[in-house]
Amino acid sequence: MKTLDRKLWRDLWQMKGQVFAITLVIMSGVATFIMFITTMDSLDYTRNKFYRDYNFAEAFVHLRRAPESLIEKIKEVEGVRQAETRIVAQVKLDISGFNEPVNARIISIPDSGTPLLNGLYIRRGSFPDPNKDNEVIISENFAEAHNLKIGDQIAAIISGKWKKMTICGVALSPEFILLMKPEAMSPDFKRYGILWMNRKALSEAYDMDGAFNSVVLTLQPQARLSDVLRAIDNVVGKYGGFGAYGRNDQISHRLLSEEFKQLKTSSKIFPSIFIFVSAFLLNVVMSRTINTQREQIAALKAFGYNNYDIGVHYAKLVLLIIAAGLISGIACGIWFGHLLGDIYMAVYRFPFLVYILKPWVIVAAVFVSIISALAGTLHTLWRAAKQPPAEAMRPEPPAQYKVSLMEKMGLGRKITQPSKIIIRNIERKPIRTLLSVIGIALACGTMIASGFFKDAVDYMINVQFVLSQKEDMSVAFFDLTSRRAAYELKQIDGVRYVEPYRIVPVKFINGHRSYKTVIKGMEPDSRLQQLLDTNLNKVALPSSGLMLTDHLAKILKVRPGDKITVEVLEGSRATREVTVVALVKQYLGVTGYMDLSSLNRLMNTGDAISGAYLSTDLNKQEKLFREFIKTPRVSGTVVRKHEITNFYEIQAKGMLFFTFIATLMACFISFGVVYNNARIAFSERSRELSSLRVLGYTRGEISYILLGELALITFIAIPVGFALGYWLCAYLAYALASDLFRVPLVISSGTFSMAALVVLVSASVSGLIVRHKLDHLDLVEVLKTRE
Amino acid sequence: MTRKKLPAEKTAQIVFHVRDLTKTYRMGEVQVHALRGANMELYESEMVVLLGPSGSGKSTLLNILGGLDTATSGYVAYRDKDLTKATEQELTDYRRFHVGFVFQFYNLISSLTARENVAVVTEIAKDPMPPEDALSLVGLTDRMDHFPAQLSGGEQQRVAIARAISKNPQVLLCDEPTGALDSETGVVVLEALERINRELGTATAIITHNVDIAGMADRVIHLSNGVISEVNINKTKKSPSELHW
């Protein structure tokens, strides 16, 4: 080993505390970057592989009923490559040991086994026996939620008749990677499942012999999706088509895509913060190291080392620190990526998760870290290299100071000398102070951003499930029903109050903008469903006209008073012009709202309803569930309380993991920044502080000078961090907004306090470490050495 | 020059009392016997020069007298206070209220002006003089608002002296106060020390290896190899301006 390299290792060892702190920050940046990117790549790759291997359809259409022969016409549509018909039945299940009605969708599979499109990955068991009419495959989440095994029996009401079925297999499908009821707010694996049954058996049970009600398609490579969809709609229109749609409107696919978008945003924001902080820390530490080694540098140059040798020597020091951060960061990132992948796998059902680490991710991490670190230290390296030896040999003159601005303004008259030292030090190095403030503020901001997710979810839930929805449960009917059904519900023991609703699937069209969703028809002065304006005040439902979710109005570019076209996607498939009369604030989903009678008039269907909201006697809820399981007309129930729990359960794991990581990282940043500041301030000031100790200052008094400066920087940084955090959250809210949900910009005081606390604690820890050093200052040494 | 009473006349109070003082410390692998049984006294109002080559133990002695270091064995008392038994806090208080230090390399706080460097001590002292008075005693009235970076070496050392005397200490301990200065500037600094000793009657101990400075002392204590080898009393003191080196 060259002697200069030996010096390198010893220098590293000497500043091990600082090296460790910087390594932590670089590690955090690299780890979060790799974690987010690899998780996204892995999910994306796995999804694509699953789609490809199991032939996931590219277009979908549901209809009331069409004869099997129609498939030929569908196949003739230009752009269609493959098409497969199937039967999809909405059923209600009775699971023994579970006292609530369970909704399920039974999908037919060819008697010969695996479907052409949307193939099944059989996790356990096998395809149904073609000779038996009662065997079903069930989706994995559902099997796990009820602990169902091969051979277990479940009962279903299909077309009003009870049918007992035996489970023959557990499967996954690319169509239901994320299983969620179309109108639900969050997945509920207990109350919603997918069953697959042989075509013959299902067509008999569902009265669909020789007919189908669902088609899945793939397209020719050059086909335009919108053209194909339009053509398909024309073909199936008169068979009660509900509107063809592509993958982008397919619920599982869409939710996954939203999640990927979120990961992408996070993978940009968080690593950037760390990389900025580590570049700054390296800059501060390197300039200090080089300053203290100026005499050594001069000596080396006097011996004949050239600028290049000196430059390379210190560049190696920087690169070694980065290497430590990179290696540990890559390792942690891969580990975190696996952890995060596992969390996703609990909700998203893939047959397997292929962990993908693309070489460019590592290259990018290495490249960005090195470039930013060198950019942060280049100036210092350059200064070290070009210093003439004679100049460097001379001791540094006393540092230049000025009376601080604050004192010039007359504020300094009453302050003590130690406080003056603090203020002047801070003012003397404004850039370093500013960067320190930004560094700590970023840590604080990161914490706020992590807490923000929980605050936003709490707020969304409060608005949606507390302020807006007030029913105890809602009941949905299989088919459009007369309003009389609502009166019948009212008669059931345990039901206190009933409010009917109707849901109509529609496509809103304004010029070239369009959006598929539903219109919800509600009672004019609904007690159980409240529409809110942007200030969360109750909005009365006008007797005519349409109200839209504010976000939907944005998508369609309409304002109250504008007329829009409503294309009904069921029954007569009529097209109507309706005036938008007001907007509604809503964080989850996008919907249109109308007065129930007014909606029925628009549909020309008489007094029809598709379900009802109930206020119930909570003690009699179980009895009610049993009643509803038995009632053929009722397809399912949704209990508001369960929706809230589900929402949290699905969000909670990911959120907890993210909050944990972010908190850890924020601690590393604030510790890294404060500790490095403290360490450098200590080495720069230890001589002065020892002198003061000799002059009779106590340990506490000199600690005040050093730690007071750090405390002051920290206290300035916290409100800056609050502002930065708020801005970061605003950006996140903006970047994550989608038609599925809008993240409200709500940050609780608890989140602010927690962020401040984490910063203060990590600052205190670094303070204590430095305080320990201050307590062991060598007082005699200082008298003998010049600076 | 007004003449003070000489300690030899035995009327002055003893400020420091040192008996059989030893100090051993390790320097890497080596045991260093810095003091091997030193005995001495310092009296009120006197000016003593501790003279000796480097390694003679003079700095160690001064550090122990100043409460910066502890003895290995022996006895040191400041008036009635046994410094060998003092706690860390007691030593801090002792330095804070009773001793003034002047260091070879000044040790000023670079972010504070001359006046503020003095104030840093007067703020924590019990009965200090105003910083301005201390600075005028060392002839720096017109440089009070300058920062260390704006002062010459001699001026910086005079600020250090002003800082040391501003608390009205009982003793002034100076460790090679002219060591970093040229002879002309050194004389100015010594004049300041002499004036303080004369006007305020502060007992002053100056460490030096510079034999010429010994001429301005009341007594000269010679150290070699960790023991006091010789004590001379100057019958006639020289004024600093008469010193040359």
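Sequences listed follow chains A and S, in order.
Using the numbering used here, the first residue of the first sequence is number 9, and each one after it goes up by one.
Using the numbering used here, the first residue of the second sequence is number 93, and each one after it goes up by one.
Ideal Cβ placement from N, Cα and C applies to all residues, glycine included.
Could you have a look at residue i and say whether DSSP puts it in helix, strand or coil?
i: A/M173; result: strand
i: A/E191; result: coil
i: A/E66; result: coil
i: S/R95; result: Note that S/R95 scores a pLDDT of 41, beneath 50, so its modelled location is shaky; the value from the coordinates is reported in the next line. Coil.
i: A/L186; result: coil
i: S/H205; result: A quick correction: the sequence has Thr, not His, at residue 205 of chain S. Looking at S/T205 - three-state DSSP - the assignment turns out to be coil, as it is neither helix nor strand.
i: S/H301; result: coil
i: A/V85; result: coil
i: A/T557; result: strand
i: S/H238; result: coil
i: A/V788; result: helix
i: S/P223; result: helix
i: S/G144; result: coil
i: S/H190; result: coil
i: A/P75; result: strand
i: A/L753; result: coil
Determine, for residue i, whether the minimum Cβ-Cβ distance to residues of chain A falls below 8 Å.
i: S/P99; result: Bear in mind that a pLDDT of 46 at S/P99, under 50, signals an unreliable position, so the model cannot answer this.
i: S/E247; result: no
i: S/T94; result: Any answer about S/T94 is weak, because its pLDDT of 40 lies below 50 and its placement is not dependable; what the coordinates show is given next. Answer no: the Cβ-Cβ gap between S/T94 and chain A never drops below 8 Å.
i: S/E208; result: yes
i: S/D161; result: yes
i: S/R235; result: no
i: S/V251; result: no
i: S/F108; result: no
i: S/R118; result: no
i: S/P145; result: no
i: S/R171; result: no
i: S/I298; result: no
i: S/N155; result: yes
Looking only at its chain, what residues have a beta carbon closer than 6 Å to the beta carbon of residue i, apart from the 5 residues adjacent to it on each side?
i: S/N324; result: V312
i: A/L203; result: A112, I114, V144 and I146
i: A/A381; result: A287, L290, V326 and I330
i: A/F636; result: P109, V642 and T645
i: S/Q181; result: none
i: S/V230; result: R250, I253, A254 and A284
i: A/K478; result: L536
Would you say residue i lies against chain S (beta-carbon separation less than 8 Å)?
i: A/A689; result: no
i: A/T441; result: no
i: A/E696; result: yes
i: A/K428; result: yes
i: A/Y705; result: yes
i: A/T653; result: no
i: A/T424; result: yes
i: A/L753; result: no
i: A/E787; result: Here the sequence assigns Leu to residue 787 of chain A, which means Glu is not the residue at that position. Cβ-Cβ to chain S under 8 Å: yes for A/L787.
What residues in its chain sit with their C-beta under 8 Å from that of residue i, if we drop five residues either side in the sequence?
i: A/L744; result: K269, Q270, T273 and V751
i: S/D161; result: K115, T152 and N155
i: A/I158; result: R132, G133, I175, C176, G177 and V178
Could you work out which residue in the options is closest to residue i when comparing CA atoms only?
i: A/R492; options: A/S412, A/I351 and A/V506; result: A/V506
i: A/G384; options: A/S295, A/E435 and A/V369; result: A/S295
i: A/V681; options: A/D466, A/Y656, A/I713 and A/G447; result: A/G447
i: A/V728; options: A/R521, A/A65, A/C452 and A/S482; result: A/C452
i: A/N155; options: A/E630, A/A65, A/R238 and A/K198; result: A/K198
Would you list the one or two residues that DSSP bridges to residue i?
i: S/H109; result: S/E133 and S/A169
i: A/K546; result: A/L540
i: S/N324; result: S/V312
i: A/I305; result: In DSSP, A/I305 forms no bridge with anything.
i: A/P513; result: A/V526
Ignore the nearest five residues each way along the sequence and tell me which others in residue i's own chain have a CB closer than 7 Å to its CB.
i: A/V236; result: A67, V85, G87, V88 and L227
i: A/A494; result: V506, P508, I617 and A620
i: A/E435; result: S412 and L413
Should residue i be counted as a contact of the ligand MN given a C-beta to heavy atom distance under 7 Å?
i: A/A689; result: Absent from the structure shown: the ligand MN. Ligands present: none.
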